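A short worksheet on the structure shown next.
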Amino acid sequence: MSERLRLWLERDRRGAGYHLRDAATGEAVSWDDPRLRVIAVAGVSFRAGEVADASFDPGARLALVPEPDNEHDPNAIGIWNGERTLQAGYVPREVAPELAGDEIAVSLWRAGEAGLRVLLVPAGSWVGRPRR
15 MSERLRLWLE
25 RDRRGAGYHL
35 RDAATGEAVS
45 WDDPRLRVIA
55 VAGVSFRAGE
65 VADASFDPGA
75 RLALVPEPDN
85 EHDPNAIGIW
95 NGERTLQAGY
105 VPREVAPELA
115 GDEIAVSLWR
125 AGEAGLRVLL
135 VPAGSWVGRP
145 RR
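Adding 14 to a residue's 1-based position in the sequence shown gives its number in my numbering.
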């Protein structure tokens, strides 16, 4: 049985988002760590107004919503704000089929005017919310 993933979000000096830190060891965690995924949200350019909403600010919990009836991709997974009132876009097409379906999603980084990076971690993981 693997140990539960526990991460702290550490604010970037420029305020664009968060870096990751292992809560048990205090060591920095790379976005390439095999225990997690950091994805660029697909389709953000079509929803720039929604993505600008504070509900997608770095540190916010997000909802992953499968769309099995999506006519373009039955594996599509929408990325919504925590209240499920605004959609940012989608999990990239090549990543969606690899997900278990119960991941935790957290907004991690704003990338320019219409970009968003999202942290995906296995269910049961702990992600420390940033202090405001």
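For glycine and all other residues, C-beta sits at the position ideal for the given N, C-alpha and C. Just so it is clear, the structure is predicted and the values come from calculations on it, not from any experiment.
Is DSSP giving M15 helix, strand or coil here? Within the sequence shown, numbered from 1, the residue matching residue 15 stands at position 1. Confidence at M15 is low in this model, with a pLDDT of 41, below 50, so the placement of that residue should be treated as unreliable; the coordinate-derived value is given next. Correct three-state label for M15: coil.
Using 8 Å for Cβ pairs, my map puts E64 next to A38. What's the rounded Cβ distance? Mapped onto the sequence shown, residue 64 falls at position 50. Mapped onto the sequence shown, residue 38 falls at position 24. Between A38 and E64 the Cβ distance is about 36 Å, and since that is not below 8 Å, they are no contact.
Should V134 and L34 be called a contact, given that it needs their Cβ atoms to be closer than 8 Å? Taking the sequence shown and counting its residues from 1, the one referred to as residue 134 is at position 120. Taking the sequence shown and counting its residues from 1, the one referred to as residue 34 is at position 20. Per the sequence shown, the amino acid found at residue 134 is Leu instead of Val. Their beta carbons are not under 8 Å apart, which means L134 does not touch L34 by this criterion.
From V120, A68, E112 and E85, pick the residue whose C-alpha is nearest to that of I93; which is it? Translated into the one-based positions of the sequence shown, residue 93 becomes position 79. For I93, the closest of V120, A68, E112 and E85 by C-alpha to C-alpha distance is V120.
Using DSSP bridges, identify the partner residues of N95. As a position in the sequence shown, residue 95 is number 81, starting the count at 1. Beta-bridge pairing links N95 to L76.
Proximity of A77 and G96 at Cβ, strictly below 8 Å: Taking the sequence shown and counting its residues from 1, the one referred to as residue 77 is at position 63. Taking the sequence shown and counting its residues from 1, the one referred to as residue 96 is at position 82. Result yes, Cβ atoms of A77 and G96 sit closer than 8 Å.
In terms of residues, what are the limits of the alpha helix (DSSP H) holding A62? Here residue 62 refers to the residue found at position 48 of the sequence shown. It spans A62 to V65 - the alpha helix (DSSP H) in which A62 sits, taken as one unbroken run.
Under the assumption that A54 contacts R131 (Cβ atoms under 8 Å), give the Cβ distance between them as a whole number of angstroms. In the sequence shown, residue 54 corresponds to position 40, counting from 1. In the sequence shown, residue 131 corresponds to position 117, counting from 1. With a Cβ gap of about 6 Å, A54 and R131 count as contacting.
Quick one: is G31 buried, meaning 16 or more other Cβ sit within 10 Å of its Cβ, or exposed? Translated into the one-based positions of the sequence shown, residue 31 becomes position 17. Residue environment analysis places G31 among the buried positions, since at least 16 neighbouring C-beta atoms fall within 10 angstroms of its C-beta.
Measuring straight from C-alpha to C-alpha, what distance separates L100 and R75? Locating residue 100 in the sequence shown gives position 86, where the first residue counts as 1. Locating residue 75 in the sequence shown gives position 61, where the first residue counts as 1. Their Cα atoms are separated by approximately 13 Å.
Can you tell me the Cβ-Cβ gap for E117 and P88, rounded? I've got them flagged as a contact below 8 Å. On the sequence shown, position 103 is the one that residue 117 refers to. On the sequence shown, position 74 is the one that residue 88 refers to. No, E117 and P88 are not in contact; Cβ-Cβ is about 18 Å, not under 8 Å.
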